[in-house]
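Below you'll find the structure, written out as structure tokens, and then a few comments.
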Amino acid sequence: MSRTLFVRCVLIVAGGMALVMAPSNVHAQMLKFSGYADLEWTLQETNDPEDEWHNLFDNHHFNLIGLAWVTDDLSGAIEVEYEHAGEEIKLEYGYISYVGIPYLRLVGGKFIIPFNRWNKDIHPTFISKMPGRPPVYGNVFPSTYSDVGIWASGGAPVGQNGNRVTYDLYVVNGLKGDPDESSFRGLRDNDREKPDRDDNKAVGGRLGFELANASFGVSGYTGDYAKTEDTGVGLGISFVGVDADYHWQGLELRGEFVSASQDLTSGENNDRSGYYLQAAYLTEVDFEPVVRFTAVDFEGQEDDAQELGIGFNYYLSASGTVRVAYLFGLEDSEFETDNDKLMTQFVVVF
Amino acid sequence: MTSQTKKTAILIGFVGLAVLLMVRPALAQESGAEIWGRTCNKCHRAQPVNKYHADEWRAIMRHMALNARLTPAEEEAVTEFLMSVARPVVDASTDRSATVALSAPNRLPELVSADPDMASYVIHRDSLIGAETYKRQCVVCHGAEGEGDGPAAAALKPRPTDLTESELVGEMSDAELLEFLAKGKGAMPGFAKILSEQELKAVVGVMRHLNAVE
Chain A
16 MSRTLFVRCV LIVAGGMALV MAPSNVHAQM LKFSGYADLE WTLQETNDPE
66 DEWHNLFDNH HFNLIGLAWV TDDLSGAIEV EYEHAGEEIK LEYGYISYVG
116 IPYLRLVGGK FIIPFNRWNK DIHPTFISKM PGRPPVYGNV FPSTYSDVGI
166 WASGGAPVGQ NGNRVTYDLY VVNGLKGDPD ESSFRGLRDN DREKPDRDDN
216 KAVGGRLGFE LANASFGVSG YTGDYAKTED TGVGLGISFV GVDADYHWQG
266 LELRGEFVSA SQDLTSGENN DRSGYYLQAA YLTEVDFEPV VRFTAVDFEG
316 QEDDAQELGI GFNYYLSASG TVRVAYLFGL EDSEFETDND KLMTQFVVVF
Chain B
74 MTSQTKKTAI LIGFVGLAVL LMVRPALAQE SGAEIWGRTC NKCHRAQPVN
124 KYHADEWRAI MRHMALNARL TPAEEEAVTE FLMSVARPVV DASTDRSATV
174 ALSAPNRLPE LVSADPDMAS YVIHRDSLIG AETYKRQCVV CHGAEGEGDG
224 PAAAALKPRP TDLTESELVG EMSDAELLEF LAKGKGAMPG FAKILSEQEL
274 KAVVGVMRHL NAVE
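Protein chains in written order, with the numbering used here: chain A, 16 to 365; chain B, 74 to 287.
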């Protein structure tokens, strides 16, 4: 992280705290300072016969959130992401919004891309039912992906039974990076120090349907991430996703699917897809067993990945949770990496 | 960008627009409590409604309404509910909210104005107002039968009281129950700012009824 960016973040946090502590005029604008933090301890299997297991403490997140209600129509929000005990500091989002038009909310600034549910809505550790992201959201969709642009969203009731339809449409600078870069997550770093090298914007959206106990949606994202050096032709990357969830009393079932296609300079495509399925049941004593299965298919390659996670959550209060999970890396016979891990997490939202 | 990808993106866009055009917009028919119970725990465990002050809830709700894609009417309903039951800013020893509520005007005169029979009118009025108020403000946590199993119950900590088996409800006088409903205690929010004296008394009647059911 650059020193300049660090200074900016510190100034933003300091400014937010000063506003919170200031007396009367800020109170009129209704500013709320919030956030969440977690402590992780991970026991990770390795391929080193001399040291088969590593263990590590990590202050994975200490994220500070500022929410401002300015007028009936205007508001703003910011989340400063302080990860890995300060090794990574950046803005998760920072936006202003206008809500003066029925069924339409307009957002400008940096926002988390509303693709499926994991990326925007349920990735925070105080929400996610299991420690660690499902591999599909690292290897197929570059979660957590936020970008700068304009986002229009809204929802409307349909009928009288709590059924709703929702929509999201956005235009952003888009992912960008070196052609043929294998890591999709590396394409997210698109701040002003790495200008929009394809000069094209990315577009996307999500269409959602909500029933009383269930919801599902379809998402899409498409845009150029680079252009060829010789011909200047844009190289695209696109994602299509489907998500669904079901709730009944303490039971939550959730699943998401993502398919990605990346143009390569060779003229071929780097296609990959993946999904996760998760079930959790919150008992009356605040104990919540969770199971999650994830599969990632790197088309044409042999290093497909699967992961089975079994764990539980215990809610100390509405604000504090202990999560424990054992994640089995289900290796192919030709891909002999031992990567089981035991993850424990203590999360507080404030 | 591949042509297949472009076609997929355009198809999703057209399907979305078509669905939106077919939607017949409806006004928020549910109460703020009902929308809160139905929506918030779909992503996360609902935070206690009295965890924050009213102003804090207003700022939080603007952000969360964006995440939940609520309509302005839905956002207003939930915000009004949360602000009305929020943690009071004033010191508890000087809180006059219950007194204010007890002198508040009846908000449901239309429900009771048409019955000419005074004897049945009183019974009908109380039961009707109680049922209506209980449905709109209490069912979301305590459930339709009062068993503490409303749609938001699973996400709450502590869980809502089972009114059918609560010994405390049986032991408290009407005045004590009325004060409890008005001021709240622990995770139970006070409803003094959102319900009139008549509505609060009617809910006491519903609680008595549920507590007496075998």
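For glycine and all other residues, C-beta sits at the position ideal for the given N, C-alpha and C.
For Ala-171 of chain A, the number of other beta carbons within 10 angstroms of its own is at least 16, and it is reported as buried. For the 7 angstroms CB-CB criterion, Ala-52 of chain A and Val-363 of chain A form a contact. One Cα belongs to Gly-259 of chain B, the other to Ser-276 of chain A, and the distance between them is close to 52 angstroms. Counting the other CB atoms within 10 Å of its CB gives Phe-272 of chain A a total of 16 or more, which places it among the buried residues.
For the stretch 170-188 of chain A, the residues whose beta carbon sits under 9 angstroms from a beta carbon of chain B are, in order, Gly-170, Ala-171, Pro-172, Val-173, Gly-174, Gln-175, Gly-177, Arg-179, Val-180, Thr-181, Tyr-182, Asp-183 and Leu-184. Nearest in C-alpha terms to Gly-278 of chain B, of all of B:Glu-220, B:Arg-209, B:Val-151 and B:Val-242, is B:Val-242.
Listed along chain B are Pro-98, Thr-144, Pro-145 and Ala-146, each with a C-beta nearer than 9 angstroms to that of Pro-117 of chain A. Secondary structure note for Asn-140 of chain B: it is in no beta strand (DSSP E), and the uninterrupted alpha helix (DSSP H) holding it is 127-141. Ser-234 of chain A is bridged by DSSP to A:Arg-221 and A:Gly-256. Counting only runs that start and end inside the stretch 105-142 of chain A, the beta strand (DSSP E) elements of at least 3 residues fall at 119-127. Rounded to the nearest whole angstrom, the CA to CA distance from Ala-310 of chain A to Ile-325 of chain A is 15 angstroms. Residue-level contact check: Arg-209 of chain B does not touch chain A, since none of the beta carbons of chain A fall below 7 angstroms from its beta carbon. Arg-221 of chain A and Ser-230 of chain A do not touch by the CB rule: their CB atoms are close to 11 angstroms apart, not below 8 angstroms. With the rule of 3 Cβ pairs closer than 8 angstroms, the stretch 133-146 of chain B counts as touching the stretch 114-129 of chain A. Rounded to whole angstroms, the gap between the alpha carbons of Asp-286 of chain A and Val-151 of chain A is 13 angstroms. One thing to note: Arg-209 of chain B has its Cβ no nearer than 7 angstroms to the Cβ of Gly-221 of chain B.
Against chain A, the beta carbon of Asn-140 of chain B has neighbours under 8 angstroms at Lys-135 and Asp-136, listed in chain order.
Contact check for Gly-219 of chain B and Leu-283 of chain B: beta-carbon distance about 4 angstroms, within the 8 angstroms limit, so the pair qualifies. Chain order gives the chain A residues near Pro-121 of chain B as Ala-333, where near means a beta carbon separation below 7 angstroms.
Distance check between Tyr-118 of chain A and each of A:Thr-181, A:Asp-301 and A:Thr-246 places A:Thr-181 closest, using alpha-carbon atoms only.
Residue contact with chain A for Lys-266 of chain B: absent (no Cβ-Cβ distance below 7 angstroms to any residue of chain A). Secondary structure at Ile-267 of chain B: coil, using DSSP grouped into helix, strand and coil. With a threshold of 16 other beta carbon atoms within 10 Å, Leu-331 of chain A falls short and is exposed. By the rule that beta-carbons nearer than 7 angstroms mark a contact, Leu-54 of chain A does not touch chain B. At least 7 angstroms separates the beta-carbon of Glu-98 of chain A from that of Glu-107 of chain A.
For His-215 of chain B, the enclosing alpha helix (DSSP H) has its first and last residue at 212-215. Rounded to the nearest whole angstrom, the C-alpha separation of Val-213 of chain B and Ala-146 of chain B is 19 angstroms. Look at the stretch 310-340 of chain A: the residues with a C-beta under 7 angstroms from a C-beta of chain B are Tyr-330, Ser-332 and Ala-333. Chain-ordered, the chain A residues with CB closer than 8 angstroms to the CB of Arg-111 of chain B read Gly-177 and Ala-227.
Distance from Arg-179 of chain A to Val-173 of chain A at the Cβ level is roughly 6 angstroms; contact confirmed, criterion being Cβ atoms closer than 8 angstroms. Boundaries of the beta strand (DSSP E) harbouring Thr-57 of chain A: 46-60, taken from the DSSP string. Arg-281 of chain B has a beta carbon lying at 7 angstroms or more from every beta carbon in chain A. Within 7 angstroms of the CB of Arg-120 of chain A, the CB atoms of chain B belong to Leu-139, in sequence order along the chain. Residues of chain B with a Cβ closer than 7 angstroms to the Cβ of Val-114 of chain A are, in chain order, Pro-145.
Looking at the backbone, the Cα of Ala-265 of chain B and that of Phe-253 of chain B are separated by about 10 angstroms.
No Cβ of chain A is located within less than 7 angstroms of the beta carbon of Lys-258 of chain B.
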